[in-house]
Amino acid sequence: MDIQFIYHTAMKLLAALPITLELFICSLILGLFLALVILALRINQNSLLSYFARGYILVFRGTPLLIQLFVVYYGLGQLEWIQNSFLWPIFREPFNCAVLSISLCTAGYTAEIFRGALLSVPSGQIEAGKACGMSRALLIRRIIAPIMIRYALPAYSTEAIMLIKSTTLASLVTVWDVTGVAQQIIQRTYRTMEVFICAAVIYLIINYVIVKIYGCIEKKLTVHTKPADQMAESKAISEESC
Numbered sequence: 001m002d003i004q005f006i007y008h009t010a011m012k013l014l015a016a017l018p019i020t021l022e023l024f025i026c027s028l029i030l031g032l033f034l035a036l037v038i039l040a041l042r043i044n045q046n047s048l049l050s051y052f053a054r055g056y057i058l059v060f061r062g063t064p065l066l067i068q069l070f071v072v073y074y075g076l077g078q079l080e081w082i083q084n085s086f087l088w089p090i091f092r093e094p095f096n097c098a099v100l101s102i103s104l105c106t107a108g109y110t111a112e113i114f115r116g117a118l119l120s121v122p123s124g125q126i127e128a129g130k131a132c133g134m135s136r137a138l139l140i141r142r143i144i145a146p147i148m149i150r151y152a153l154p155a156y157s158t159e160a161i162m163l164i165k166s167t168t169l170a171s172l173v174t175v176w177d178v179t180g181v182a183q184q185i186i187q188r189t190y191r192t193m194e195v196f197i198c199a200a201v202i203y204l205i206i207n208y209v210i211v212k213i214y215g216c217i218e219k220k221l222t223v224h225t226k227p228a229d230q231m232a233e234s235k236a237i238s239e240e241s242c
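Using UniProt numbering, you'd call the opening residue of the sequence shown number 1 and step up by one each time.
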């Protein structure tokens with residue numbers, strides 16, 4: 001195994017890491033925003049809006065992300081009305097198409113994660129808040145949202161890990177992230193094993209960091225729900241891991 005080649009390959013892949021992280025962060029933020037909108041429509045009393053949200057979730061969870069990416073990049077970009085509209089600067093850029101596709105896909109999964117967490121909020125606490133005279137906005141901010149976030153966080157951290165792995169598909173539409181640069185190196189050198197091992201290690205480190213971040217957040221949010229004798233131990237563990 002050529003150590004020098006691995007070193008130079010790792011440096012080239014690390015140079016593309018900002019693109020991967022930017023793609024991940026943009027998709028995560030946009031996907032979360034869309035998921036909250038879909039969640040609001042999903043639980044709406046209006047049956048038309050609720051069925052629209054159900055259809056959205058069915059389509060984007062039931063079709064492969066790769067096909068969604070190709071439809072957005074190769075399909076929508078070919079429509080004349082898009083080329084002649086303000087949307088064209090968005091759809092002509094591979095990075096924007098990748099962010100949009102990944103965000104639309106993850107929004108369907110995230111909306112269902114938060115819906116399950118919302119349904120798990122104890123009704124007794126909601127009734128207690130209403131009995132105290134809380135407004136709907138205050139009830140959501142002080143009771144529903146904090147509990148929902150605590151319940152949703154473990155599953156949402158898994159979705160974030162799946163999201164960072166989904167960004168590898170962006171290389172198929174000429175986004176030169178870590179995977180895209182790895183493919184370029186392989187095309188020039190034909191040394192598949194070393195290049196993909198370097199790429200795998202980079203993604204493994206990213207996922208490890210994501211797990212630790214979400215773990216710290218989860219411990220911060222749930223420390224008060226544990227018995228008093230466990231709080232000091234949890235705090236010490238949280239400080240060590242953070």
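Glycine residues also receive a C-beta, built at the ideal position from the N, C-alpha and C atoms.
- Membership of Ile217 in the alpha helix (DSSP H) is indicated by the continuous run Thr192 to Thr222.
- Look at the segment 136-171 and you find these whole runs of alpha helix (DSSP H), each 4 residues long or longer: 136-139 and 145-166.
- With fewer than 16 other Cβ atoms from the protein chains shown falling within 10 Å of its own Cβ, Leu79 counts as exposed.
- Gly31 is a Cβ neighbour of Ser103, given a cutoff of 8 Å.
- Taken through DSSP and simplified to helix, strand or coil, Leu87 comes out as coil.
- Restricting attention to Met193, Arg142 and Gly180, the CA atom closest to the CA of Lys12 is found in Gly180.
- Per DSSP, reduced to three states, the secondary structure at Val175 is coil, with no helix or strand assignment.
- Straight-line measurement puts the Cα of Thr63 at about 25 Å from the Cα of Asn207.
- Here Leu79 carries a coil assignment [DSSP, helix/strand/coil].
- For the pair Cys198 and Val173, the Cα-to-Cα distance works out to about 22 Å.
- In the DSSP annotation of this structure, the continuous segment of the alpha helix (DSSP H) that includes Ala53 starts and ends at Ser47 to Gly62.
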